[in-house]
Amino acid sequence: MTTLNQYDMQDPTKQYFQPKFEEQPQSAPGLAKDMDPKPDHGEESYKGFGRLAGRKALITGADSGIGRAVAIAFAREGADIVMSYLPDEEPDAQEVVALIKQAGRKVVTAPGDISDEVFCKSLVETANTGLGGLDILVNVAGKQTAQKSIADLTTEQLDETFRTNVYAMFWLCKAALPLMPAGATIINTTSIQAYQPSETLLDYASTKAAIVAFTHAFAKQVAEKGIRVNAVAPGPVWTPLQPSGGQPQEKIPTFGSKTPIGRPGQPAELASVYVLLASQESSYVTGEIYGVTGGNHLP
Ligand code: NAD
Ligand code: MG
Numbered sequence: 001m002t003t004l005n006q007y008d009m010q011d012p013t014k015q016y017f018q019p020k021f022e023e024q025p026q027s028a029p030g031l032a033k034d035m036d037p038k039p040d041h042g043e044e045s046y047k048g049f050g051r052l053a054g055r056k057a058l059i060t061g062a063d064s065g066i067g068r069a070v071a072i073a074f075a076r077e078g079a080d081i082v083m084s085y086l087p088d089e090e091p092d093a094q095e096v097v098a099l100i101k102q103a104g105r106k107v108v109t110a111p112g113d114i115s116d117e118v119f120c121k122s123l124v125e126t127a128n129t130g131l132g133g134l135d136i137l138v139n140v141a142g143k144q145t146a147q148k149s150i151a152d153l154t155t156e157q158l159d160e161t162f163r164t165n166v167y168a169m170f171w172l173c174k175a176a177l178p179l180m181p182a183g184a185t186i187i188n189t190t191s192i193q194a195y196q197p198s199e200t201l202l203d204y205a206s207t208k209a210a211i212v213a214f215t216h217a218f219a220k221q222v223a224e225k226g227i228r229v230n231a232v233a234p235g236p237v238w239t240p241l242q243p244s245g246g247q248p249q250e251k252i253p254t255f256g257s258k259t260p261i262g263r264p265g266q267p268a269e270l271a272s273v274y275v276l277l278a279s280q281e282s283s284y285v286t287g288e289i290y291g292v293t294g295g296n297h298l299p
């Protein structure tokens, strides 16, 4: 059987597996390799054309989910990559390392905790020395922990969610900017939760709204340097974030069914948007939030 790529026309409602799924609790951060069914990160399907030839990218959360799909796509488009992820995620990360090498690109692994400012600075330095510079920063890593009541949302969780989703983005942007030449690009990852927040995600949705505001403001600040800043806002995507505490477990079986497309998105379906926003093709696009929501559009 020939595997279809992202350019082969097909019915998007039938392109991937449909809810219903089995409950499948994992402890955070969760592993893609333990998900059932397995997410599609473009391993078999993503076809590159050199759209990022010679570019040097730092990608957080690159082991699994959306970050893995971005790493595979960027490598097949010709970029060298520094992968950031948590040490517990080494088994997922090594699968991505093998795929980047198969694409003939350089890969540097940098496991560690981005909720730590010192580590964020070292990550940018790793990219600078490991790749000989940095011209794409993709902030994908995120923490999402559902709580039914504000009474259950601890200060510790609030703090960790903000440090991982907002502070790390700030620290990485701040450290990366002085290294970035004109033409460099930054892509943040917000969520439809910034606009249509769930009652169980008070802290997470607030971080995603902060990422929207930061993206708009930072884009204006650095436009005169020739650096563009955009964000992607996914709807429900089939990744370890969700069964590892991102949703109450009872919501996993029908995850993604309430979109007009009728199913969750797969990480592979996000990759082309990150490629577009990273590449020179989007030269007049900055300060934008790009929705990939299955039809539950941004306002
Ligand atoms: P994922 O679990 O595959 O990726 C999240 C990654 O974040 C992890 O792999 C981990 O490497 C990284 N991470 C978390 N805490 C970290 C820390 N302290 N230090 C270093 N790395 C850390 O899930 P995903 O769904 O691909 O998530 C990627 C991004 O997409 C997140 O920002 C998430 O908020 C966003 N998003 C996801 C969905 C969805 O439905 N899956 C929807 C909207 C937005
Ligand atoms: Mg992971």
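Numbering (full-length UniProt numbering), first residue to last: 1 to 299. Every residue gets a Cβ at the ideal spot worked out from N, C-alpha and C, and that includes glycine.
Report all residues from its chain with a CB closer than 7 Å to the CB of residue i; omit the five preceding and five following residues, and keep chain order.
| i | result |
| --- | --- |
| VAL212 | THR190, ALA194, ALA231 and ILE289 |
| GLU117 | TRP171 |
| PRO264 | PRO236, VAL237, TRP238, PHE255 and GLY256 |
| PRO91 | LEU31 and LYS33 |
| GLY245 | ALA28, THR145 and ALA146 |
| ILE100 | ALA71, ALA75, ILE81 and VAL107 |
| GLN223 | The sequence shown places Ala at residue 223, not Gln. Taken in chain order, the residues that qualify are THR286. |
Rounded C-beta distance between residue i and residue j? I'm assuming under 8 Å.
| i | j | result |
| --- | --- | --- |
| GLY294 | GLY256 | 7 Å |
| ILE136 | ARG55 | 5 Å |
Is there at least one non-hydrogen atom of the ligand MG closer than 7 Å to the beta-carbon of residue i?
| i | result |
| --- | --- |
| GLY89 | According to the sequence as given, residue 89 is Glu; it is not Gly. Yes, since a heavy atom of the ligand MG falls inside the 7 Å radius drawn around the Cβ of GLU89. |
| PRO39 | no |
| PRO240 | yes |
| GLY65 | yes |
| PRO267 | no |
| ASP113 | no |
| ASP92 | yes |
| PRO234 | no |
| LYS29 | As written in the sequence, residue 29 is Pro, which differs from the Lys given in the question. Under cutoff, so the answer is yes. |
Look at the alpha carbon of residue i and the alpha carbon of residue j, and state the distance between them as a whole number of angstroms.
| i | j | result |
| --- | --- | --- |
| ASP63 | SER84 | 8 Å |
| PRO299 | LYS208 | 15 Å |
| MET1 | ALA271 | A caution first: MET1 carries a pLDDT of 48, below 50, which makes its placement in the model unreliable, though a value can still be read off. Each residue's Cα considered, the two are about 24 Å apart. |
| ALA103 | ARG76 | 6 Å |
| ALA53 | ALA278 | 11 Å |
| ARG163 | SER206 | 12 Å |
| MET35 | LEU241 | 11 Å |
| GLN18 | ASP40 | 13 Å |
| ALA69 | VAL273 | 11 Å |
| GLY133 | ASN296 | 38 Å |
| ILE252 | GLN26 | 12 Å |
| LEU58 | ASP159 | 24 Å |
| SER119 | ALA175 | Note on identity: in this sequence residue 119 is Phe, with Ser being the wrong assignment. The straight-line gap from Cα to Cα measures roughly 11 Å. |
| GLY262 | LYS20 | 11 Å |
| GLN196 | ALA233 | 11 Å |
| THR109 | LEU153 | 33 Å |
| residue 302 | LYS14 | The chain is shown only over 1 to 299; residue 302 falls outside these bounds and no answer can be derived. |
| GLY78 | GLU156 | 40 Å |
Pull the bridge partners of residue i from the DSSP assignment, please.
| i | result |
| --- | --- |
| VAL82 | LEU58 and VAL108 |
| PRO240 | Paired residue(s): none; PRO240 is not in a bridge. |
| THR189 | VAL232 |
| VAL138 | ILE59 and ILE187 |
| GLY292 | According to the sequence as given, residue 292 is Val; it is not Gly. DSSP output for VAL292 lists PRO234 as bridge partner(s). |
| GLY265 | VAL237 |
What I want to know is whether the C-beta of residue i ends up closer than 7 Å to one or more non-hydrogen atoms of the ligand NAD.
| i | result |
| --- | --- |
| GLN157 | no |
| THR164 | yes |
| LEU86 | yes |
| LYS220 | no |
| SER191 | yes |
| GLN144 | yes |
| VAL237 | yes |
| THR60 | yes |
| VAL97 | no |
Spatial neighbours of residue i within its chain, please: C-beta separation below 6 Å, excluding the five flanking residues on both sides.
| i | result |
| --- | --- |
| ILE227 | MET180 and ALA184 |
Could you pull out every residue in the same chain whose Cβ sits closer than 8 Å to the Cβ of residue i, ignoring the five residues on either side in sequence?
| i | result |
| --- | --- |
| GLU89 | PRO29, LEU31, ASP63, SER64 and PRO111 |
| LYS121 | TRP171 and ALA175 |
Check whether the Cβ of residue i lies closer than 8 Å to any Cβ atom in chain C.
| i | result |
| --- | --- |
| ALA194 | Going by chain labels, chain C is absent from the structure shown, which holds only one protein chain. |
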